[in-house]
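Asks:
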Amino acid sequence: MSEENIAWKAHIQEGAPLHPNIVPRPLQSFLDEAAEKFGQRKAVCFQNLTLTYAQLKEKAEYFAASLRRMGLQTGDRVAIMMPNLPQTIIAFWGALKAGATVVMTNPLYMEKELTHHFSDCKPRFLVVLDLFWSKIEPLRGQLGVETYIVSRVSDGLAFPLNILQSFQAKRQGNHPAVPFDGRSVVPWKSMFKTRERYNHAPQDLQKDLALLQYTGGTTGFSKGAMLTHANISSQVQQLIALIHCTSENSSHVYLSIMPFFHVFGLVGNIVLPASMAACSIPVPRYSPHDVLELIKRHRPTFFIGAPSIYISLMQQ
Numbered sequence: 009m010s011e012e013n014i015a016w017k018a019h020i021q022e023g024a025p026l027h028p029n030i031v032p033r034p035l036q037s038f039l040d041e042a043a044e045k046f047g048q049r050k051a052v053c054f055q056n057l058t059l060t061y062a063q064l065k066e067k068a069e070y071f072a073a074s075l076r077r078m079g080l081q082t083g084d085r086v087a088i089m090m091p092n093l094p095q096t097i098i099a100f101w102g103a104l105k106a107g108a109t110v111v112m113t114n115p116l117y118m119e120k121e122l123t124h125h126f127s128d129c130k131p132r133f134l135v136v137l138d139l140f141w142s143k144i145e146p147l148r149g150q151l152g153v154e155t156y157i158v159s160r161v162s163d164g165l166a167f168p169l170n171i172l173q174s175f176q177a178k179r180q181g182n183h184p185a186v187p188f189d190g191r192s193v194v195p196w197k198s199m200f201k202t203r204e205r206y207n208h209a210p211q212d213l214q215k216d217l218a219l220l221q222y223t224g225g226t227t228g229f230s231k232g233a234m235l236t237h238a239n240i241s242s243q244v245q246q247l248i249a250l251i252h253c254t255s256e257n258s259s260h261v262y263l264s265i266m267p268f269f270h271v272f273g274l275v276g277n278i279v280l281p282a283s284m285a286a287c288s289i290p291v292p293r294y295s296p297h298d299v300l301e302l303i304k305r306h307r308p309t310f311f312i313g314a315p316s317i318y319i320s321l322m323q324q
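So for the sequence shown, the numbering used here puts the first residue at 9; every next one is plus one.
1. For the 8 Å Cβ check, are there 3 or more pairs between the region 116-129 and the region 29-45?
2. Can you tell me whether F229 is buried or exposed, with buried defined as 16 or more other CB within 10 angstroms of its CB?
3. How far does the alpha helix (DSSP H) with R148 in it extend, from its first residue to its last?
4. Take L64 as the anchor and find which of M89, G79 and F100 has the nearest alpha-carbon.
5. For G273, which residues from the same chain have a beta carbon less than 6 Å from its beta carbon, with the 5 sequence-adjacent residues on both sides left out?
6. How about N207 and Q36: are their beta carbons less than 8 Å apart?
7. Between the Cα of G313 and the Cα atoms of K178, Y294 and A51, which residue gives the shortest distance?
8. Roughly how many angstroms separate the alpha carbons of P184 and L139, rounded to a whole number?
9. Buried or exposed: which applies to M9, given that a residue is buried once 16 or more other Cβ atoms fall within 10 Å of its Cβ?
10. Which first and last residues belong to the beta strand (DSSP E) in which T60 is found?
11. Please classify F126 as buried or exposed, where buried requires at least 16 other C-beta atoms within 10 Å of its C-beta.
12. By Cβ distance, which residues of its chain are closer than 6 Å to A166, with the 5 residues on each side in sequence left out?
13. With a 10 Å radius around its C-beta and 16 neighbouring C-beta atoms as the bar for buried, classify Y262 as buried or exposed.
14. Given this structure, state the Cα-to-Cα distance separating K201 from G190, to the nearest angstrom.
15. Under 8 Å between the Cβ atoms of Y222 and K215?
16. Suppose the cutoff is 8 Å on Cβ atoms and the five residues either side in sequence are ignored; what does the same chain contact list for T123 look like?
17. V334 lies in the alpha helix (DSSP H); which residues open and close that run?
18. Of the choices P296, F310 and F269, whose alpha-carbon is the least far from that of C287?
19. Measure the CB-CB distance between P94 and V52 and report whether it falls below 8 Å.
20. Distance cutoff 8 Å, beta carbons only. Does G23 sit that close to anything in chain D?
21. Let me check you understand the geometry: is the CB of E41 closer than 7 Å to at least one non-hydrogen atom of the ligand ATP?
22. Would you decide whether T113 is buried or exposed? Buried here means 16 or more other CB atoms lie within 10 Å of its CB.
23. Over what stretch of residues does the alpha helix (DSSP H) that includes K50 continue unbroken?
24. In this structure, how does DSSP classify P187 when only helix, strand and coil are distinguished?
25. In angstroms, rounded to a whole number, what distance separates the CA positions of A73 and L104?
26. Suppose the cutoff is 6 Å on Cβ atoms and the five residues either side in sequence are ignored; what does the same chain contact list for H237 look like?
27. By the 10 Å Cβ neighbour count, where 16 or more other Cβ atoms means buried, how is Q329 classified, buried or exposed?
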């Protein structure tokens, strides 16, 4: 096909390659490269918490080492049932570095959807926000999960907001009692007591699953799409070529509104920013007023969203 006959040529930025050179790579290599080249660049900003790429990589590898110490084997599934928080980003990279297949789980699932989801993907570990524990507790006997890693919102904040948020949550009744036992139910903070680090290297990029990503379920129960490291890393490189950006530009900021538990939000707001060594601003709950304030404060250069989001912002 000659370049004159390429239909999409008119729809890409000038200078972007029509035939990008795609080289499949481990997903976590995007994080590793950003940390190696731009370790002090901001990776995550959430309220008063800032993580550099060096810090994000370190936390992900502590998390990975703890998962391996708890018995995780290469190819095991780690489910993540979290909103857009710094912990979600750490858990995602940490699970990949441990050699796991990540299963992003929609916190809005009801009982029937949860039991189907877990019986289908069979995760050994579940990372879950304490506010969703009331959904999980009655189903524990049916889910088959061996270890629950429970995080609180305050785990994604720095001092003193972490203390203030925890105190306020208790006063408002938003601090669920979780039956931590140190074995099957463990607190998020316990994953970072180790100083061991772990980074698994996938052996077959074309076959090793990075994600078991579930569909929307519009025609029945959702189905798990098997996405390999080659699948996702190739897509990210295509996106980089399309938007014609590189990690050399230090000013890029992503306003991360689309839910991480959807593949659009996961790739667009976790993996893609890492491939550019850009900063991600997680937004756990959409509020037009709050989002406009975040835009004023952080001046994002990328805002991946749905038309309804942009319309609601223009109506403010």
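Ideal Cβ positions, reconstructed from N, Cα and C, are used throughout, including at glycine. Everything numeric in this text was worked out from a predicted model, so none of it was measured.
Replies: For this structure:
1. With contact defined as three or more Cβ pairs closer than 8 Å, the region 116-129 and the region 29-45 are not in contact.
2. exposed
3. R148 to L151
4. F100
5. M266 and P267
6. With respect to the 8 Å criterion, N207 and Q36 are classified as neighbours on the basis of their beta carbons.
7. Y294
8. 7 Å
9. Confidence at M9 is low in this model, with a pLDDT of 48, below 50, so its placement is unreliable and the value that follows should be read with caution. With fewer than 16 other Cβ atoms within 10 Å, it is exposed.
10. L57 to T60
11. buried
12. N56 and L57
13. buried
14. 13 Å
15. no
16. L147, Q150 and L151
17. The structure shown does not extend to residue 334, since the chain is modelled only from 9 through 324, so no value can be given for it.
18. Of the candidates P296, F310 and F269, the one whose C-alpha sits nearest the C-alpha of C287 is F310.
19. yes
20. Included in the structure is just one protein chain, with no chain D present.
21. Although the ligand ATP was asked about, the structure shown includes no ligands whatsoever.
22. buried
23. Element bounds for K50: not the alpha helix (DSSP H) but the beta strand (DSSP E), K50 to F54.
24. coil
25. When the Cα atoms are used, A73 and L104 turn out to be separated by approximately 11 Å.
26. Closer than 6 Å at the Cβ level, and outside the excluded window around H237, lie P34, L35, P210, L213, D216 and A218.
27. As displayed, the chain neither begins before 9 nor continues past 324, which places residue 329 out of reach and without an answer.
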